[in-house]
Amino acid sequence: MFIPLYDTNRLRHIRLQYVTIGLIAVNALVFLITTIGGENFNNAAVLGLGFIPSVVHNTAELSPEFIVIPESLSYITYAFLHADIFHLGGNMLFLWVFGDNVEDALGHIRYLIFYLLCAIAGAAFQGLVAWDSQVPLIGASGAIAGVVAAYLVLYPRVKVWVLVFARIPLRIPAFIPLILWIGFQVVMFAAGGENQISWACHIGGIIAGGVLVLIMRSRGVPLLAGDDGEPEPADQPAVSTGPAPADPASTQPAMRWGRGSASGQD
Numbered sequence: 001m002f003i004p005l006y007d008t009n010r011l012r013h014i015r016l017q018y019v020t021i022g023l024i025a026v027n028a029l030v031f032l033i034t035t036i037g038g039e040n041f042n043n044a045a046v047l048g049l050g051f052i053p054s055v056v057h058n059t060a061e062l063s064p065e066f067i068v069i070p071e072s073l074s075y076i077t078y079a080f081l082h083a084d085i086f087h088l089g090g091n092m093l094f095l096w097v098f099g100d101n102v103e104d105a106l107g108h109i110r111y112l113i114f115y116l117l118c119a120i121a122g123a124a125f126q127g128l129v130a131w132d133s134q135v136p137l138i139g140a141s142g143a144i145a146g147v148v149a150a151y152l153v154l155y156p157r158v159k160v161w162v163l164v165f166a167r168i169p170l171r172i173p174a175f176i177p178l179i180l181w182i183g184f185q186v187v188m189f190a191a192g193g194e195n196q197i198s199w200a201c202h203i204g205g206i207i208a209g210g211v212l213v214l215i216m217r218s219r220g221v222p223l224l225a226g227d228d229g230e231p232e233p234a235d236q237p238a239v240s241t242g243p244a245p246a247d248p249a250s251t252q253p254a255m256r257w258g259r260g261s262a263s264g265q266d
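Quick note on numbering: the sequence shown equals residues 1 to 266 in UniProt numbering.
Okay, here's the thing in structure tokens:
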């Protein structure tokens with residue numbers, strides 16, 4: 001539908017988006033390691049670190065050689081695995097464009113917690129929808145969906161550059177592509193779209209992101225900021241254009257200094 005390229009939203013509360021950069025680096029590093037390790041190693045990582053609803057819900061057991069972490073941790077670890085370079089690149093591009101300003105609005109620590117909670121929410125919703133599924137869920141899409149929802153709540157009118165249909169560059173308010181993106185996720189989930197994409201995970205992340213940003217944003221950070229990312233200016237009282245009332249002192253005769261000043265005469 002569209003590819004985000006760049007936004008015009010500056011950082012206001014932090015100097016650098018350390019957490020966003022760190023998350024991108026970790027995701028890229030994990031992908032590099034699993035790719036270099038070969039197909040068998042990658043498959044083992046997906047089974048051992050991916051989120052498998054039936055395993056987490058104890059309706060199926062994972063073969064012992066693939067058990068590397070407690071099952072509950074897969075609510076988080078799945079979000080750092082990706083199927084291919086396009087899967088990774090798409091998620092990280094969204095994170096790069098929108099994550100820095102969400103981090104700016106929440107602060108570094110709260111943003112990291114927010115990101116992980118959105119990932120957990122995505123996996124949890126997928127687990128509810130497909131309770132007995134034995135298909136591993138991988139990818140940062142749930143967390144990214146939360147970031148997108150938070151950005152929409154915080155900065156709907158900020159201008160963003162997007163590539164529409166992968167060909168047409170446009171500079172438009174953020175709410176246009178983000179609402180379309182979220183709407184597409186909802187429609188595909190309701191219609192039971194492609195099985196290889198977990199639309200439920202996206203929905204879980206969107207809900208979590210939209211709710212969590214309301215309570216986790218830093219003090220003084222507004223919702224629904226203006227097109228420059230700043231709070232809307234408060235209404236100013238009307239200013240009279242008529243003559244100002246005279247100063248009582250100014251209506252008195254001016255004292256004349258010099259000869260005869262005591263009587264006010266020259």
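Backbone N, C-alpha and C fix where the C-beta goes; we use that ideal spot for every residue, glycine too.
### Query
Name the DSSP beta bridge partners of Trp131, please?
None; Trp131 has no bridge partner.
### Task
Buried or exposed for Gln185, please, with buried defined as at least 16 other CB atoms from any protein chain shown within 10 angstroms of its CB.
Under this definition Gln185 is a buried residue.
#### Entry: Val153 versus Glu65 - alpha carbon distance
About 44 Å.
### Query
For Asp100, which three-state DSSP category applies?
Helix at Asp100.
### Message
Taking the straight line between their C-alpha atoms, what separation do you get for Trp161 and Asn58?
### Response
Using only the alpha carbons, I get a separation of about 45 Å.
### Status (buried if at least 16 other CB within 10 Å, exposed otherwise) for Arg15
Counting Cβ neighbours within 10 Å, Arg15 comes out exposed, since fewer than 16 surround it.
### Query
By DSSP, does Arg12 sit in helix, in strand, or in coil?
Note: Arg12 maps to coil in three-state DSSP.
### Query
Anyone know if the C-beta pair for Pro136 and Ile52 falls short of 8 Å?
Contact flag set, yes.
### Message
Which runs of the beta strand (DSSP E) at least 3 residues long sit entirely within the UniProt domain "Peptidase S54 rhomboid" (74 to 217)? Give them in chain order.
### Response
As far as the UniProt domain "Peptidase S54 rhomboid" (74 to 217) is concerned, its whole beta strand (DSSP E) runs of at least 3 residues are 159 to 164 and 168 to 173.
### Query
Is it right to say Pro4 is buried, meaning 16 or more other beta carbons lie within 10 angstroms of its own, or is it exposed?
Around the C-beta of Pro4, 16 or more other C-beta atoms lie within 10 Å, and the residue is accordingly described as buried.
### Query
When DSSP labels each residue in this structure, what does Leu224 get in the three-state scheme?
In the structure shown, Leu224 sits in coil (DSSP, three-state: anything other than H, G, I, E or B).
### Spatially closest choice to Trp199 from Leu212, Ile138, Pro173 and Tyr111, by CA coordinates
Nearest C-alpha to Trp199: Ile138.
### Residue environment, Asn195, which counts as buried when at least 16 other CB atoms sit within 10 Å
By the neighbour-count criterion, in which a residue is buried when 16 or more other Cβ atoms sit within 10 angstroms of its Cβ, Asn195 is exposed.
#### Entry: Own chain partners of Thr104 with C-beta closer than 8 Å, once the 5 adjacent residues on each side are dropped
It is Asp, not Thr, that sits at residue 104 in the sequence shown. Counting only Cβ-Cβ distances below 8 Å, and skipping sequence neighbours, we find Leu11, Arg12, His13, Ile14 and Gln17.
### Assigned exposure category for Ser63 - 16 Cβ within 10 Å defines buried
Exposed: under 16 other Cβ atoms inside 10 Å.
### Straight-line Cα distance separating Val19 from Phe114
Answer to the nearest angstrom: the Cα atoms are 11 Å apart.
#### Entry: C-beta contact flag for Phe2 and Pro222 at 8 Å
Taking 8 Å as the Cβ cut-off, Phe2 and Pro222 do not qualify as a contacting pair.
#### Entry: Per DSSP, cross-strand counterpart(s) of Tyr6
According to DSSP, which records beta bridges pairwise, Tyr6 is partnered with Trp161.
### Task
Measure the beta-carbon distance from Val148 to Trp181 and round it to whole angstroms, keeping in mind my assumption that it falls under 8 Å.
For a cut-off of 8 Å, the C-beta gap from Val148 to Trp181 is around 6 Å, short enough to register as a contact.
### Own chain residues within Cβ distance below 7 Å of Thr241, not counting five before or after
With a pLDDT of only 46 at Thr241, under the threshold of 50, the placement of this residue in the model should not be trusted; the figure read from the coordinates follows. Cβ neighbours of Thr241 beyond the five flanking positions: none.
### Spatial distance of Gly229 from Leu106 (CA atoms)
Between Gly229 and Leu106, the C-alpha separation is close to 15 Å.
### Message
Taking DSSP's pairing of strands, which residues face Phe31 in a bridge?
### Response
Beta-bridge pairing by DSSP links Phe31 to no other residue.
### Query
Leaving out five residues before and five after Gln134 in sequence, what residues of the same chain have Cβ atoms less than 7 Å from its Cβ?
Closer than 7 Å at the Cβ level, and outside the excluded window around Gln134, lie Ile52, Ser54 and Ala60.
### Task
Over the uninterrupted alpha helix (DSSP H) stretch that includes Phe41, give me the two end residues.
It spans Gly38 to Leu49 - the alpha helix (DSSP H) in which Phe41 sits, taken as one unbroken run.
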